[in-house]
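J.: Quick one: this structure, given as structure tokens, is what I'll be asking you about.
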Amino acid sequence: MHPTVAGPQLPTVDIVGLATHLLPLHGVVVQARFTGYSQPSLFHEPALRALLKTVSLGDLEDEPLITLIAPESGRAHYRAGDGYRFELIAAHPAVEKLSALLHGLGQSHQLSPADPRVPFGRQFRIEGFTDPGTGSALADGQSLPTYGIRQWQLEQAFWRNESHVRVRLQSPLRILRAQADRDNRKGEARFINDATELRANFLGRVWNSLGHLARHLGYHLVAPPSAPLAPAADAFFIDWDYRSGDGTGKPMGGLLGWLDLDLADGHPDWLLALLLAQRLGIGQRRNFGWGRFRLESAEGRGTMVGRQRLIGVLQRAAEPDNLRQALVHALAAGDCPEALRDCSPSAVQQGAPLPPAWQRRLDDSRTRLIEGDYPVPDLHGQIVFADSGKARPLAVPPWFDRVIQRAVHQVLASDFESLMNDSSFGYRRGRSRIDVKQRIQQSHREGYRWYFEADIAAFFDSVDHRRLHTRLAALLGDDPVQATVLRWMAAPVEFMQRRIERDCGLPQGAPLSPLMANLMLEDIDAEYAAAGLRLLRYADDFVVLCKQREDAERAHHLAEQTLADLGLSLKPEKTRIGRLGHDGLEFLGFRFLGDLAVDRQKPTAGVRPPLHIPERSWLAALIAREPSLYPHIERRYLGVPEPPPTEIAAAPAPMAHVPSANTSEPQPLATRPEIVPPVPPASDPAVPPVGQADAEDGDWLTDTTAPPSPDAQPDEGQWLCLLDDALIAQRQGRLCVLTQASGGHDFAWSQLEAVLVFGHSRITSGAIHAALDNDVPLHFFGGSDGYRGCLGNPRRHLDDLDFVLLQRQRFADSAFTLDLARSLVAARIHNQRETLRQRLRDSADLPQWQAELSALMQQLGPVTSRNQLNGYEGQASHRYLKALATCLNPPFAFHERNRRPPRDPVNALLSLGYTVLYTRTAGLIQAEGLHPRLGFYHQPHGRHATLASDLMEPFRHLVERSTWTLINRRQVTPDDFITTDAHGCRISPRGKRLYLARLAEAFARRQTTAENSHGTWFQLMRQQLKALRGALLEQQPPWFYRMR
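Residue numbers (this note's numbering): 511 to 1554.
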């Protein structure tokens, strides 16, 4: 085809004309062998390019028509005797240069430097040349046409039947951003680095690269036709430098991954261009072998033959020395089978034989690993419980499979090490949290004062296997190991004779999981490196050190954006911006104040917090499928023996039910339902009082109403509180509650707003369906009354979301929140004054104490900030507790409030009581549809339920009265407490049981309000919640409980 002239400069050529000048391509495979140890970096192409430049005496410096393929790329270690090969491809005009280059390679041992840092130096010998198609030997300097016009046309015929094409990148792709987008960027930040940019820029770079080749040949390539759509992509940026023998670094980072193209409506010239480009490469550093890709159909078929390594990862992992090293590691870790417990790791290291049966098993696994059909077994589910109450569900391979995984891990970790960024410290040999500590201290000395700290939410349970496959395929090419690794990562879990399938996540407990985690998180490392920010990452925890707050905010935004691209998110309670010298950074067990780092003590164990199960874990999936298993898991957490099998079989638990996390809380012998109507303050004369009769002192939560008759109904909009050991069922269209002591009670669904289930009550599937059908949410609480979750209609959650948005908006109004806080503090001080009046009525100092509290109440009116309110409240609490201390019977004494840990028995009881009050309050807040972490008085921090801390203030005296009563009645003695310097004062199981029983009585006892209404703690707290909800809606004034 003859080109046409485009103006006075270069003649114009279309894509077909360009092909006639470039084709046929000539190719040759260079066969080589190492004569000594060599350690190339992860990508071999730049070092091979350096070799070619040396043997060509610089003649290849600007030659774009010769490129190379390095199928061995990705392997980091070679020993003497290991084979090697790479392929050279030249367009037709460069065949003579290729011949000269091949001749020079035959003499390369005479030119290569004798430097062990040069991976393809004198320890690298060329053994010959072969035809890429047939494998037959070629003479020095000889190459054969491997891809001509005929092959190009045959490929066109194949791909015209494919409307959707996947482009799989086989070496890093470097594409500069548009000029306008890179004006203010430096270094690697000038290059596109994510899937969105790849979709937008790939086709343009294909045409530009071919245009560059056309200009080299003296032509101008016609303008590209309209580009087809690129509907999907998954790509990641490799931040990588090539270092020459003198240690000089050259940035060579680029994108790896894939993108899909829709060629159905595209111009046919795009297919022609893609077929040429997949043979020659695109983008910057193309002559280094960068920018290579392969077209694949939807079924994974293609017209370009894949190239595998001479020795794959599985074969290297199966080498006897590597397997023995993995075996020694597993033996040293312990937990080995009984038959191997007499095998000394050091003896095995020296070559001692295994027992015959195990040696046969090892040999069989080695054979199957080499053949690529190693059977991946199921994982064993195990649960580790943290002091925080969080369950860590592990998925551990059988012991022998751990040996095999370890063998593969040793090979891959060594290969991938050069890929890992200097900012990554977790799960890497020779790196630890101590290194992170020293980096933070050094950074502070260099002027880094701000930090952005974050943790990735449910990272190990959330990793997308498809994205992991993208990374493995990009780094391992066609090596069969990637399929084996993916099977390991997706293996099902066996637990309690159940099998749980997994479609995402990395099994915590598998030897390969940490390496896969670092591989996935390289995206974050690369993004921060390109942005010029100082990142320190340890697995899924990381901190970014900055000199300005603006940089810390930029780091926050970058983390959210990068993680969103991976389908991940930040954990809100562990995400914050602060100053090293002021706020104090806590990271990896250290607390940093300036450049001072203190190794932090683990928190003291006190009341065991409610059990928390990660929501995306295999354990959560199992419980969602079989809720009745939850009590047994909780017993493991608490260390409580399992009940007899008959009891287990008869005790199904609801899906959202998470029982008590406190073994010491007593269980009542008899309970019955408590009706909690939504009654506004009784100062409204039209509203009847809550309940009809006062209860006798000392009863449980059964004292608020007489057992209802079968026809008795609660008023519309009431809560039904089921306190413990009840069976909840559906009978004749009504809610039926059965208890051992008080029999059965029926309630109409239509008149219930919600059902609150406390402790170990059981619920049938029929009742669950009826609750959903009647739009009555079921709220579940643990035995210590921590809120565990809700089972209800999704529409309610949407309504709650709207209200939470209103709550956030109203609580952002400082004037509104100040008025609320003023009323709240006034109610707290009022109840302190009334408690002293009841407790110290015979004390001569009572009038003075009451006068001091009254004076503080009067000063609340003119306050202008919550800090002032907090100051007055602190003064009132100090005077109040000092007065209460005078009526405490010896040998107990109270001097001041202390906590975390409490240092004396009184403070230990107060801390426990406040915790119970806090968790109950937080649960009722959520049942009412308010957000517990959006408060109006206390300062928010982490996952703290700030609103619970606010609303419990008027009821704190219940805890204080219960504490004094328990001590003064001598129900506890000093023997019920153990005090140590390390752990403070701890309550014995007996003392805790008695105290929690006393608290339960206090919460169940009917209180009289200042407005002369009556109600239990449940009823009065709901009254507060209803009033607060009305205040947020501007429908009624707020109301906080004041005792009479």
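Every residue gets a Cβ at the ideal spot worked out from N, C-alpha and C, and that includes glycine. It should be emphasised that the depicted structure is a prediction, and the values quoted were computed from it without experimental measurement.
1) Could you pull out every unbroken beta strand (DSSP E) segment of at least 3 residues lying fully inside the stretch 934-978, listed in chain order?
2) Would you grab the beta carbon distance between H602 and L532 for me? Rounded to a whole angstrom, and I think it's under 8 Å.
3) Does the beta-carbon of K760 have 16 or more other beta-carbons within 10 angstroms, so that it is buried, or is it exposed?
4) What residues match up with I1497 in a beta bridge as DSSP calls it?
5) Can you give me the C-alpha to C-alpha distance between A1458 and Q1449, rounded to a whole angstrom?
6) By DSSP, does A905 sit in helix, in strand, or in coil?
7) Taking the DSSP output, what are the residues bridged to V675?
8) Using only CA atoms, which one of L683, F1290 and H777 lies nearest to M762?
9) Given a threshold of 16 other Cβ atoms within 10 Å of its Cβ, counted over all protein chains shown, does S856 qualify as buried or as exposed?
10) Where does R1107 land, buried or exposed, given buried means 16+ other C-beta within 10 angstroms?
11) Just to confirm the assignment, what range does the beta strand (DSSP E) spanning Q859 have?
12) Do you know offhand how far L1434's Cα is from R700's?
13) Let me check one thing: in DSSP terms, what residues is Y594 bridge-paired to?
14) Taking only runs of the alpha helix (DSSP H) that begin and end inside the stretch 1046-1105, which ones reach a length of at least 4 residues, in chain order?
15) Please return the same chain residues whose Cβ sits closer than 6 Å to the Cβ of R870, not counting the five positions on each side in sequence.
16) From what residue to what residue does the alpha helix (DSSP H) around V495 run?
17) Comparing C-alpha positions only, which one of R695, H674 and F712 sits nearest to I685?
18) Going along the chain, which residues of its own chain have a beta-carbon closer than 8 Å to the beta-carbon of H979, five neighbours each way excluded?
19) In angstroms with no decimal places, state the Cα-to-Cα distance between L667 and A968.
20) Using the rule of at least 16 other Cβ atoms within 10 Å of the residue's Cβ for burial, across every protein chain shown, is H1568 buried or exposed?
21) With DSSP run on the structure shown, which of helix, strand or coil describes Q1517?
22) I'd like to know whether the C-beta atoms of L1262 and L1230 end up nearer to each other than 8 Å.
23) Quick one, are the C-beta atoms of R1554 and A1520 less than 8 Å apart?
24) State yes or no: is the C-beta of L1468 within less than 8 Å of the C-beta of W1549?
25) Going by DSSP in three states, L1538 sits in which element: helix, strand or coil?
26) What are the boundary residues of the alpha helix (DSSP H) that D744 is part of?
27) What would DSSP say about E582, mapped onto helix, strand or coil?
28) Below 8 Å on the Cβ atoms is my guess for M1367 versus L1461; work out the distance and round it to an integer in Å.
29) Would you grab the beta carbon distance between D1556 and A705 for me? Rounded to a whole angstrom, and I think it's under 8 Å.
30) Pull the bridge partners of H919 from the DSSP assignment, please.
31) For the putative contact between D772 and H674, defined by C-beta atoms under 8 Å, what is the C-beta separation to the nearest angstrom?
32) If you reduce the DSSP assignment to three classes, tell me which class S1023 lands in.
33) Kindly indicate which three-state DSSP category H587 falls into: helix, strand or coil?
34) Go to H613, then tell me how far its alpha helix (DSSP H) extends in each direction, as first and last residue.
35) Along the alpha helix (DSSP H) that carries F1326, what are the first and last residues, could you check?
36) Helix or strand or just coil, what does DSSP make of A862?
T.: Reading off the structure:
1) 960-965
2) 6 Å
3) exposed
4) F1487
5) 12 Å
6) strand
7) Note: V675 sits in a beta bridge opposite L771.
8) Nearest C-alpha to M762: L683.
9) exposed
10) According to the sequence as given, residue 1107 is Ala; it is not Arg. Under this definition A1107 is a buried residue.
11) Looking at the DSSP string, Q859 is not in any beta strand (DSSP E); the run it does join, the alpha helix (DSSP H), is P855 to Q859.
12) 53 Å
13) A542
14) 1059-1075
15) none
16) As shown, the chain starts at 511 and ends at 1554. That puts residue 495 outside it, with no answer to give.
17) Nearest of R695, H674 and F712 to I685, Cα basis: F712.
18) Q992 and L996
19) Here residue 667 is Ala; the residue named in the question, Leu, does not match the sequence. Taking the straight line from one Cα to the other gives about 48 Å.
20) Because the chain spans 511 through 1554 in this model, residue 1568 falls outside it and cannot be assessed.
21) Three-state result, Q1517: strand.
22) Yes, the Cβ-Cβ distance between L1262 and L1230 is below 8 Å.
23) In this structure, R1554 lies near A1520, with their beta-carbon atoms less than 8 Å apart.
24) no
25) helix
26) It is not in any alpha helix (DSSP H) - D744 instead sits in the beta strand (DSSP E) that spans L739 to I748.
27) coil
28) By a beta-carbon distance limit of 8 Å, M1367 does not contact L1461. Their separation comes to about 19 Å.
29) Residue 1556 is absent from the model: the chain starts at 511 and stops at 1554.
30) Bridge partners of H919: none, in fact.
31) 6 Å
32) helix
33) Residue state, collapsed to three classes: coil.
34) V605 to G616
35) S1324 to R1349
36) coil
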